[in-house]
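Line by line, the protein sequences give chains X and D.
For the first sequence, our numbering assigns the number 2 to the initial residue and increments by one for each residue that follows.
For the second sequence, our numbering assigns the number 198 to the initial residue and increments by one for each residue that follows.
Virtual Cβ for every residue (Gly too), placed ideally from N, Cα, C.
Below is one structure, written out as structure tokens; the observations come after it.
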Amino acid sequence: MKVIVCVKQIPDPALPGELDAATNTLKRDGKLILDESDSYGVEMALQLVDAAGGGEVALVSMAPNNEMSGLRTALAMGAAEGVLVSDPALSGSDALTTAKVLAAAVQRLGGADLVLAGTESSDGYTGTVPEQMAELLGLPSVTFAKKVTVDGATLKVDRQTEAGYDEVTCPLPALVSVTAGVVEPRYPSFKGIMAAKSKPVDTVTAADLGVTAVGWAGSGQAVASVAQAPAREAGTIIEDDGEAFGKIVEFLETIKVI
Amino acid sequence: MGLNNIWVFAQAANGSATSATLELLTKARELGATVSAWVGGDASSIAGTLGEYGATKVYATGDLGGALPGVAVSSAMKAAIDGGDAPDLIMFPQNYEGRDVMARLSVKLDRTVLTNNIDCSVDGGTVTVTTPVFGGNTLVSTSFSGAAPYLAAFRPKSFAAESAGGGAAEVVAAPSGDLGSTGGAVVTSVHVEESTGPKLDEADIVVSGGRGLGEAEKYAMVSDLAKLLKGAAGASRAIVDAGWVPYSMQVGQTGKVVKPNVYIAAGISGATQHMVGMKGSKNIIAINKDAEAPIFGVADLGIVGDVHKVLPKLIDALRARG
């Protein structure tokens with residue numbers, strides 16, 4: 002079984018995000034790490050290939066400046082190879098262009114039985130790329146999977162819903178987006194980290210993939226303004242001296258909730 | 198001057214139109230001359246309500262046989278647009294089905310999508326949407342360029358739903374045609390995680406717990422307090438991912454958006470992910486050990502202290518009042 006996982010490399014979410022003053026797009030020029038949301042997809046791919054009794058996990062990623070430290074993390078977890086699309090012309094690409102690039106990268110790898118992605122990235126969170134890729138690749142799809150098993154040529158998925166979950170079946174090949182927490186991502190072993198250094202990563206441009214890079218200017222959208230949201234008025238902050246619960250009771254009384 | 202023609206992707210739950218649907222219809226009425234709704238499935242049970250909130254026409258795909266609606270509804274929309282019935286703007290609710298339909302359609306039409314919005318305005322032919330970033334501290338307004346139709350998704354509770362007093366909408370059949378294997382994802386059974394008391398996104402009081410509770414068993418304090426206050430219990434993403442409580446209880450960017458009268462955050466630090474889902478609450482009370490926790494930045498009353506000490510005393514005090 003061949004599984005291709007879409008991985009995003011993002012600025013460390015522990016650092017405060019910033020907009021580029023010139024373009025009003027998110028700054029992504031520093032060191033990038035593997036988006037935690039995508040580590041679940043990598044882990045699930047490795048487990049599914051194991052359960053199928055063999056196969057391969059490959060990666061596709063799009064990032065500026067040939068950045069591949071996050072990709073190496075996923076390779077160290079056990080993926081075999083990757084395609085990295087890095088092209089200054091792609092800077093500021095919207096979700097649709099990103100999906101076109103990643104779908105073309107999947108095709109460059111010869112397609113797969115299953116394409117996995119996170120439900121949304123932790124930095125941009127547009128949340129449409131997986132489903133757009135499915136449409137571009139002509140695949141059926143199940144988004145928001147919290148459990149995935151393969152039974153012959155059929156996928157069985159528990160799909161998260163507002164009220165609980167649905168059991169969904171879907172023919173392979175297919176694309177599935179997985180939620181965070183769906184599996185426990187493994188930590189790369191020392192051996193895995195060493196092996197990842199020599200695993201093949203095919204670095205390509207948008208043109209190599211036959212995708213027209215339209216960038217921000219051609220994306221069909223332009224930032225009109227950036228403003229600060231109205232701030233909430235500062236509240237009362239107190240240190241608990243053992244009696245602070247009384248303040249909560251008083252507060253609830255004042256606003257006539259009790 | 199507004200737009201001529203706006204479509205709204207409408208959804209039903211338990212036979213009624215969802216509140217997100219009615220919110221979008223209300224806003225669409227303000228922005229456009231003609232509003233139509235799209236339904237994946239049979240629309241007969243909700244055509245009355247959709248008309249009351251401003252839709253003059255309801256396009257319905259008919260029974261989908263359990264298929265997820267993304268492929269079917271986007272195909273039917275594309276067929277209608279190719280048939281010459283193109284809208285200026287299509288509004289989607291920011292939820293699973295809304296995103297699936299919108300994403301599929303964006304590829305079919307080769308148009309960009311703008312998601313996570315909380316507002317929309319029209320000036321001449323220019324459509325501008327607003328999305329909060331960095332936990333809602335910054336608002337970015339983006340205008341569509343190029344040719345319509347424009348595709349935008351809006352978070353729940355962005356607009357207030359108001360009836361227009363309209364009569365039932367005319368239902369028009371909008372078949373999706375043969376979808377082949379692309380439409381092959383089918384729901385075989387539905388599981389509802391039962392909860393008692395008011396619904397999380399409708400409750401007047403919400404009590405949420407986070408990682409500061411330390412262990413899954415301590416979440417009982419949060420549910421007890423919620424029950425005492427006749428409110429709903431919620432959770433941060435951290436403890437949902439950890440498996441302490443089901444996803445249906447998650448408040449935040451990838452969970453539910455809540456705007457209760459009172460929101461009590463117990464052991465929640467206030468990550469961007471969480472703040473986006475509760476910042477609109479009228480009164481916010483936070484209890485957290487870390488005085489530097491971002492949650493205190495939005496709290497009307499903040500208690501720097503241990504939830505394991507504060508919550509039991511608060512619960513006892515409320516019980517004593519009867």
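State whether the segment 251-267 of chain D contacts the segment 298-307 of chain D, with contact taken as three or more CB pairs (one from each stretch) at a distance under 8 Å. yes
At a CB distance below 8 Å, what residues from the segment 358-390 of chain D approach chain X? Give them in sequence order. Ser378, Thr379, Gly380, Gly381, Ala382, Val383, Val384, Thr385, Ser386, Val387, His388, Val389, Glu390
Relative to the C-alpha of lysine 342 (chain X), which residue among X:Leu110, X:Ser70, X:Val169, X:Ala214 is closest? Outside the shown range of chain X (2 to 259) lies residue 342 (chain X), about which nothing can therefore be said.
Reference alanine 1 (chain X), options X:Leu138, X:Ala235, X:Ala197, X:Glu121, closest by Cα: Nothing can be reported for residue 1 (chain X): it is not among the residues displayed for chain X, which extend from 2 to 259.
What first and last residue would you give for the beta strand (DSSP E) that runs through aspartate 209 (chain X)? Aspartate 209 (chain X) -> not in any beta strand (DSSP E); alpha helix (DSSP H) instead, spanning 207-210.
Report, in whole angstroms, the separation of the C-beta atoms of leucine 397 (chain D) and methionine 446 (chain D), which I expect to be a contact under 8 Å. 6 Å
Is the Cβ of aspartate 241 (chain X) closer than 9 Å to any Cβ of chain D? yes
Out of curiosity, what's the CA-to-CA distance linking threonine 120 (chain X) and proline 131 (chain X)? 7 Å
Rounded to whole angstroms, what is the Cα-Cα separation between glycine 440 (chain D) and threonine 309 (chain D)? 35 Å
So which residues of chain D does arginine 233 (chain X) contact, with C-beta pairs closer than 7 Å? Val495
If you draw a straight line from the C-alpha of isoleucine 11 (chain X) to the C-alpha of serine 62 (chain X), how long is it? 11 Å
Using only alpha-carbon positions, find the residue among D:Ala276, D:Ile287, D:Asp260 that is nearest to asparagine 201 (chain D). D:Ile287
Three-way DSSP call (helix, strand, coil) for threonine 162 (chain X) in this model: coil
So which residues on chain D does isoleucine 5 (chain X) lean against when the C-beta distance must stay under 9 Å? Going along chain D, no residue has its Cβ under 9 Å from isoleucine 5 (chain X), so there is no contact; the nearest lies around 18 Å.
At least one CB of chain D closer than 9 Å to the CB of valine 258 (chain X): is that the case? yes
Which residues, in order along the segment 405-435 of chain D, keep a beta-carbon less than 8 Å from a beta-carbon of chain X? Leu426, Arg434
At a cut of 8 Å, does the segment 453-467 of chain D reach the segment 427-437 of chain D through at least three beta carbon pairs? yes
May I ask which residues mark the beginning and end of the alpha helix (DSSP H) holding alanine 225 (chain D)? 216-228
Hey, would you say the C-beta of arginine 109 (chain X) is under 8 Å away from at least one heavy atom of the ligand PLP? Within the structure as shown, the ligand PLP is missing, as the structure has no ligands at all.
Residue-level contact to chain D via CB, aspartate 152 (chain X), 9 Å cutoff: no
Tell me, please, which residues DSSP counts as bridged to glutamate 82 (chain X). X:Ala59
Can you check the segment 226-266 of chain D for any alpha helix (DSSP H) of at least 4 residues that lies completely inside it and give the ranges in chain order? 244-249
Using a C-beta cutoff of 9 Å, does threonine 170 (chain X) count as contacting chain D? yes
Quick one: using the 10 Å Cβ neighbour count with 16 as the cut-off for buried, is valine 43 (chain X) buried or exposed? buried
Around the C-beta of valine 389 (chain D), are 16 or more other C-beta atoms found within 10 angstroms, so that it is buried, or is it exposed? exposed
Return the first residue and the last residue of the beta strand (DSSP E) that phenylalanine 351 (chain D) is part of. 347-351
Buried or exposed (CB count within 10 angstroms, at least 16 for buried), valine 184 (chain X): buried
How long is the line joining the alpha carbons of lysine 147 (chain X) and glycine 165 (chain X), rounded to whole angstroms? 11 Å
Does the beta-carbon of glutamine 1 (chain X) have 16 or more other beta-carbons within 10 angstroms, so that it is buried, or is it exposed? In this structure chain X extends from 2 to 259, so residue 1 (chain X) is not present and cannot be described.
Looking at lysine 486 (chain D): is its Cβ nearer than 9 Å to the Cβ of glycine 499 (chain D)? no
What separation, rounded to the nearest whole angstrom, lies between the Cα atoms of alanine 417 (chain D) and alanine 245 (chain X)? 20 Å
Could you check what DSSP says for valine 8 (chain X) in three-state terms: helix, strand or coil? coil
Give me the residue from D:Val255, D:Leu222, D:Tyr250 with the minimum Cα distance to tryptophan 235 (chain D). D:Val255
For isoleucine 481 (chain D), the residue or residues it bridges with in DSSP: D:Tyr460
Do we get a CB-CB distance below 9 Å when we pair serine 142 (chain X) with the residues of chain D? yes
Going straight from the alpha carbon of threonine 325 (chain D) to that of glycine 221 (chain X), what length do you get? 12 Å
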